[in-house]
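The structure appears below as structure tokens.
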Amino acid sequence: MGDPATKSDPPFEVVPTGAAVGAEIRGLDVRTLDDATFLALRQEWLTHKVLLFRGQSMSDDDLVAFSKRFGPLDLAPASATDNVGSQEKSRPDIWIISNVVEDGKPIGALGSDEAEWHTDMSYVDQPPMASVLYSLEIPPSGGDTSFANMVTALDALPDDLRAKIEGRIANHDSSYTSVGELRAGAEPVTDVTKAPGARHPIIRTHPESGEKALYLGRRSNGWIVDMDRAENEALLDALWAHCADPRFSWTHQWRKGDLLIWDNRSLNHKREAFDPKSRRVMHRCQIKGDTPA
Ligand code: OGA
Ligand code: MN
């Protein structure tokens, strides 16, 4: 019965969240994975789209080494806090997400406000396929991160809405971060039809699983190419309202030492606000290699 004797079960436990996405992986120190374990893990990641590992203990080198097993790393994105504080001293492949201010300068990006639903860096032609986020300091409450499954959201999209986006391309604005700050060097957007960024199909096919997913980037300054501005706003509002339905999502409450890896090709995520007086420090790597199509 079961597997042939030559094939042993992977040395970890998979505990699905029970929501539309996500699973916790138990029993692993991600610093010490052999190749067979990593391959089994990668398969679980494709299935569940976001994996959680609790109780990890990782240096930046460990985070980079784990992330690189999935593929070459991308550089951290531009943010409003570029070239200030210790961000400029950090490694180019690690993005610091933090509200902490030292010597009057933020040490990282995104502050303590809510970060709107988005997928990472879709405003470039080749966005990161995955993001890996590790928590070093976590506030006593708030700052939860939610993930929404854009495959099930597309499956459940009403026919009339689907007909309006079939075959369409959207522009993904590059000017603002997910907390609405203007990125260093960007100009305010006054006309979405002229926003800078990248263009991708709204319905895309996952290159590994073959699943079709909605690929919307983020709401602010989104534009369905060649669409009239009023019609664009109404259609994007309807699509985003649909995607925000809690039946598509799972919310993660962070503890220090949590590591998440998620698939930017099939998920959106958002972060809720937290008390600006508390400290939250996260380090992120981003894995290259997506060409939305
Ligand atoms: C990210 C992001 C969410 C968070 O890492 O891409 O959006 O929880 N951060 O800070
Ligand atoms: Mn993000």
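For my numbering, add 803 to where a residue sits in the sequence shown, where the first one is 1.
Beta carbons are placed, not taken as given, at the ideal position from N, Cα and C, and that holds for glycine.
Quick caveat: nothing in here was measured; it's all calculated off a predicted structure.
Secondary structure at residue 869: helix, using DSSP grouped into helix, strand and coil. Put simply, of 1045, 842 and 815 the residue whose alpha carbon is nearest the alpha carbon of residue 957 is 1045. Residue 1001 sits in a strand when the DSSP states are folded into three classes. If you check the CB distance, residue 1004 and residue 971 come in under 9 Å. Judged by the Cβ position, residue 1072 qualifies as a neighbour of ligand 2 at the 8 Å threshold, a heavy atom of the ligand being closer than this. Looking at the backbone, the Cα of residue 1002 and that of residue 879 are separated by about 20 Å.
In the structure shown, residue 837 adopts coil according to DSSP, grouped into three states.
Under a 10 Å Cβ-count criterion, residue 929 is classified as exposed, with fewer than 16 other Cβ atoms of the shown protein chains found around its own Cβ. A residue is called buried once 16 or more other Cβ atoms fall within 10 Å of its Cβ, and residue 870 is buried on that count. When DSSP states are grouped into helix, strand and coil, residue 1019 belongs to the coil group. Judged by their CB atoms, residue 900 and residue 911 are nearer to each other than the 9 Å cut-off.
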